[in-house]
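J.: Can you keep this structure in mind? I'll have questions shortly.
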Amino acid sequence: MTGSGLRSGQLADAAGVNLQTLRYYERRGLLTSPQRSPGGHRLYPSETVTLLRVIKTAQRLGFTLNEVADLLDAGRHHHGSRPDTGLQARASQKLVEVEEKLADLTVIRDTLRAAISAGCDDLVACAGNSCCPLPFAEIAGRNDRVDTC
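Numbering follows the numbering used here, in which position 51 of the sequence shown is assigned residue number 281; successive positions increment by one, without gaps.
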């Protein structure tokens with residue numbers, strides 16, 4: 231660390247990201263353009279480490295970079311902002327999305343388990359089998375099913 235900031239490599243190491251991530255976040259406007267040293271090196275304020283960790287954590291929670299940018303912007307303009315633009319509202323919306331995905335994944339998991347238990351080994355053969363637990367079994371013609379269970 232230098233007296234006037236962190237160089238790109240130091241920042242990337244401290245935040246656990248790579249240099250390309252720093253440049254990308256800068257292009258996206260998530261990071262402000264840093265000051266430059268007399269030698270032309272980028273110098274980031276030490277608070278940028280926290281900002282990068284916040285961005286990466288928000289991404290792990292399922293927020294897109296556009297959503298992260300909106301959250302950061304709402305946080306910067308917290309005073310006078312609408313209640314539906316803050317973290318509470320956005321986190322609630324994201325929670326609904328996550329719960330929907332979990333429900334979908336539960337159906338997929340259960341269907342795959344049923345396919346394994348049923349011994350499905352060939353998608354085409356399974357599709358024509360009345361015992362097939364995969365969703366396409368419902369749309370296969372009832373007259374041409376082969377019962378081999």
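Glycine is no exception: its CB is placed at the ideal position from the N, C-alpha and C atoms.
Which whole-angstrom value is the C-beta distance of Tyr255 and Ile285, which I expect to be below 8 Å?
T.: That belief holds up - the Cβ atoms of Tyr255 and Ile285 are roughly 7 Å apart, short of 8 Å.
J.: What distance in whole Å lies between the Cβ atoms of Leu252 and Ala244, which are believed to be in contact at a cut-off of 8 Å?
T.: Actually they are not in contact, since the Cβ atoms of Ala244 and Leu252 sit about 11 Å apart, beyond 8 Å.
J.: Using a threshold of 7 Å, state whether the C-beta atoms of Val279 and Ala288 are closer than that.
T.: Taking 7 Å as the Cβ cut-off, Val279 and Ala288 do not qualify as a contacting pair.
J.: Whole angstroms is fine: what's the gap from Cys361's alpha carbon to Arg257's?
T.: Using only the alpha carbons, I get a separation of about 54 Å.
J.: Out of Leu282, Asp340, Asp334, which has the shortest C-alpha to C-alpha gap to Gly259?
T.: Checked all of Leu282, Asp340, Asp334; the closest Cα to Gly259 is Leu282.
J.: So, under 8 Å CB-CB, Leu273 and Ser267 are touching, yes? Tell me the CB distance rounded to an integer number of Å.
T.: At roughly 5 Å, the Cβ-Cβ gap stays under 8 Å, so Leu273 and Ser267 are in contact.
J.: Using the rule of at least 16 other Cβ atoms within 10 Å of the residue's Cβ for burial, across every protein chain shown, is Asn359 buried or exposed?
T.: With 16 or more other Cβ atoms within 10 Å, it is buried.
J.: In chain order, what are the residue ranges of uninterrupted alpha helix (DSSP H) at least 4 long that sit wholly in the region 237–321?
T.: Fully enclosed alpha helix (DSSP H) runs of 4 or longer: 238–245, 249–258, 277–290, 295–306.
J.: Between the Cα of Leu332 and the Cα atoms of Pro264, Leu236, Glu277, Gly292, which residue gives the shortest distance?
T.: The option with the nearest alpha carbon to Leu332 is Gly292.
J.: Assuming contact is defined by CB atoms lying nearer than 7 Å, are Leu249 and Ser238 in contact in what I supplied?
T.: Yes; because the gap between Cβ atoms is below 7 Å, this pair is in contact.
J.: Leaving out five residues before and five after Pro363 in sequence, what residues of the same chain have Cβ atoms less than 7 Å from its Cβ?
T.: Cβ neighbours of Pro363 beyond the five flanking positions: Thr341, Ala344, Ala345, Ala348.
J.: Assign Pro264 to one of two classes, buried (16 or more other C-beta atoms within 10 Å of its C-beta) or exposed (fewer than that).
T.: Answer is buried; the Cβ neighbour count reaches 16.
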